[in-house]
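Single-structure report; data block below.
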Amino acid sequence: MDSSGNNKILEVNNLKTYFYTDGGIVKAVDGVSFDLKVMETLGIVGETGSGKSVTALSILRLIPQPPGKIVEGEIIFDGKNILDMDKKELQDFRGNKISMIFQDPMTSLNPVFTIGNQLMEAILAHKKITKKECREESYRLLELVGIPDIKRRFESYPHEFSGGMRQRVMIAMAIANSPSILIADEPTTALDVTIQAQILELMDELKEKTKSSIIIITHDLGVVAKYADRVMVMYAGRPVEFSQVDNIFYNPLHPYTIGLMKSIARLDHGKNEKLKPIEGTPPSLIDLPEGCVFRVRCEYAEDECKSQYPPLSEIEPGHFVSCFRAKEFLSGSLVRNK
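With the numbering used here applied, the sequence shown covers 54 to 391.
Printed below as a string of structure tokens:
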């Protein structure tokens with residue numbers, strides 16, 4: 054989804070990932086389309102359960118089967134559909150072309166192996182080099198992500214590291230084979246605010262050094278405002294708005310995005326501004342309402358919203374919105390309620 058049509062490294066078209074449970078079919082991702090440009094940081098935001106992480110896991114074909122299944126769509130990387138890759142191609146692809154940093158580094162690192170052992174394993178999975186060369190490369194990576202006292206830390210175990218240091222190790226493992234795309238799924242959730250900032254700054258610096266692209270999945274709009282170039286807002290398994298970060302923050306055109314912006318404290322607004330939460334709760338992904346899935350919480354909904362789902366349309370250059378009333382917001386004929 055790129056109005057210019059140029060410079061795309063990844064293209065996701067109409068991706069649908071469902072989970073078949075005893076309670077029914079959970080439509081976790083239900084028609085997601087977006088693109089990622091070279092050296093771009095794309096933010097994916099939305100409430101818990103909106104489909105952000107499942108989208109990322111689908112790109113890497115890491116959906117557990119059963120109960121999950123990618124039922125439709127295309128994920129095009131370097132001209133090839135990832136969904137058509139066989140097991141051997143996938144093994145080479147993961148970590149080599151696209152890497153992922155998960156939320157909790159303590160559960161991602163094996164507690165019975167040293168940090169060095171695990172980092173070397175990540176390198177040797179894709180590179181044919183000697184163990185001595187691999188060790189030197191490991192030292193270089195640990196230094197790159199800001200780990201002090203490298204040789205001693207190389208022999209340490211995960212429990213001997215702080216949460217921030219473990220996350221730095223995970224980043225080192227993720228960039229070990231110079232992937233073109235780095236997916237970070239809530240990479241700073243378990244960290245305190247100061248360490249969060251350090252990790253995010255590190256990722257931003259590494260993007261410039263390695264010329265990679267980043268997809269950052271988060272519910273923290275402050276992170277998105279500072280680090281993302283473009284943003285995709287998701288709700289109930291679908292994208293509802295996709296544009297440059299400034300459009301999302303200063304000119305949102307979907308009622309859900311408008312609601313998100315009203316529910317966060319912002320320095321560019323008055324100190325006496327009252328925050329306004331979005332009323333209601335997200336729908337069950339097993340039993341989605343007819344028409345627009347957000348209409349039951351939307352103060353701007355009208356009869357048309359009940360009968361059909363609004364397509365994701367380009368309302369202005371590079372600004373895609375899934376709302377029948379988006380053009381009214383854009384023109385100013387429909388005023389965002391205070």
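Glycine is no exception: its CB is placed at the ideal position from the N, C-alpha and C atoms. Here the structure is a predicted model, which is why all the values come from computation and not from measurement.
Residues of its chain near residue i, where Cβ-Cβ distance is below 6 Å and the 5 sequence neighbours each way are ignored
i           : result
residue 77  : 339
residue 56  : At residue 56, the pLDDT of 45 sits below 50, so the modelled position is not reliable and the matter cannot be decided from this model.
residue 58  : Confidence is the limiting factor: at residue 58 the pLDDT is only 47, short of 50, which leaves the residue's position unreliable, though a coordinate-based value still follows. If we look at residue 58 and ignore the five residues flanking it on each side, it has no Cβ neighbours.
residue 104 : 81, 82, 287 and 290
residue 375 : 293, 363 and 365
residue 283 : 95 and 297
residue 179 : 149 and 230
Spatial distance of residue i from residue j (CA atoms)
i           : j           : result
residue 135 : residue 124 : 14 Å
residue 286 : residue 296 : 9 Å
residue 173 : residue 187 : 6 Å
residue 225 : residue 342 : 43 Å
residue 151 : residue 386 : 44 Å
residue 377 : residue 102 : 24 Å
residue 247 : residue 139 : 42 Å
residue 358 : residue 291 : 16 Å
residue 166 : residue 84  : 40 Å
residue 69  : residue 120 : 14 Å
residue 272 : residue 98  : 5 Å
residue 163 : residue 301 : 39 Å
residue 210 : residue 345 : 50 Å
residue 257 : residue 196 : 16 Å
residue 160 : residue 145 : 23 Å
residue 348 : residue 389 : 16 Å
residue 239 : residue 116 : 18 Å
residue 451 : residue 310 : Since the first residue shown for the chain is 54 and the last is 391, residue 451 is missing from the structure and cannot be characterised.
residue 189 : residue 112 : 31 Å
residue 308 : residue 278 : 19 Å
residue 356 : residue 373 : 22 Å
residue 200 : residue 259 : 14 Å
Residue environment, residue i, which counts as buried when at least 16 other CB atoms sit within 10 Å
i           : result
residue 262 : exposed
residue 305 : buried
residue 362 : buried
residue 294 : buried
residue 335 : buried
residue 132 : exposed
residue 315 : buried
residue 303 : exposed
residue 317 : exposed
residue 328 : exposed
residue 215 : exposed
residue 182 : exposed
residue 147 : buried
Contact under 7 Å by Cβ, residue i with residue j
i           : j           : result
residue 94  : residue 281 : yes
residue 270 : residue 109 : yes
residue 332 : residue 350 : yes
residue 87  : residue 107 : no
residue 198 : residue 221 : yes
residue 266 : residue 129 : no
residue 235 : residue 227 : yes
residue 154 : residue 223 : yes
Contact set for residue i: own chain, Cβ-Cβ below 7 Å, skip 5 residues either direction
i           : result
residue 143 : 114
residue 191 : 169, 172, 173, 176 and 207
residue 253 : 241, 276 and 280
residue 369 : 383
residue 60  : 90 and 91
residue 312 : 331
residue 217 : 244, 248, 251 and 252
residue 72  : 79, 81, 120 and 121
Residue i - partner residues in DSSP beta bridges
i           : result
residue 311 : None; residue 311 has no bridge partner.
residue 88  : 64
residue 366 : 374
residue 285 : 97 and 295
residue 354 : Note: residue 354 sits in no beta bridge, so no partner.
residue 273 : Note: residue 273 sits in no beta bridge, so no partner.
residue 78  : 73
residue 134 : 129
residue 122 : 71
residue 266 : 234
residue 153 : 236
residue 147 : 151
residue 83  : 69
Residue-chain proximity (residue i, chain C), Cβ-Cβ < 7 Å
i           : result
residue 380 : The structure shown has no chain C; it contains just one protein chain.
Close Cβ partners of residue i (< 8 Å) along its chain, the five nearest in sequence each way excluded
i           : result
residue 231 : 263 and 265
residue 156 : 238, 239, 240, 242 and 243
residue 360 : 343 and 344
residue 74  : 120 and 339
residue 67  : 84, 85, 86, 125, 126 and 127
residue 203 : 192, 195 and 196
residue 381 : 387
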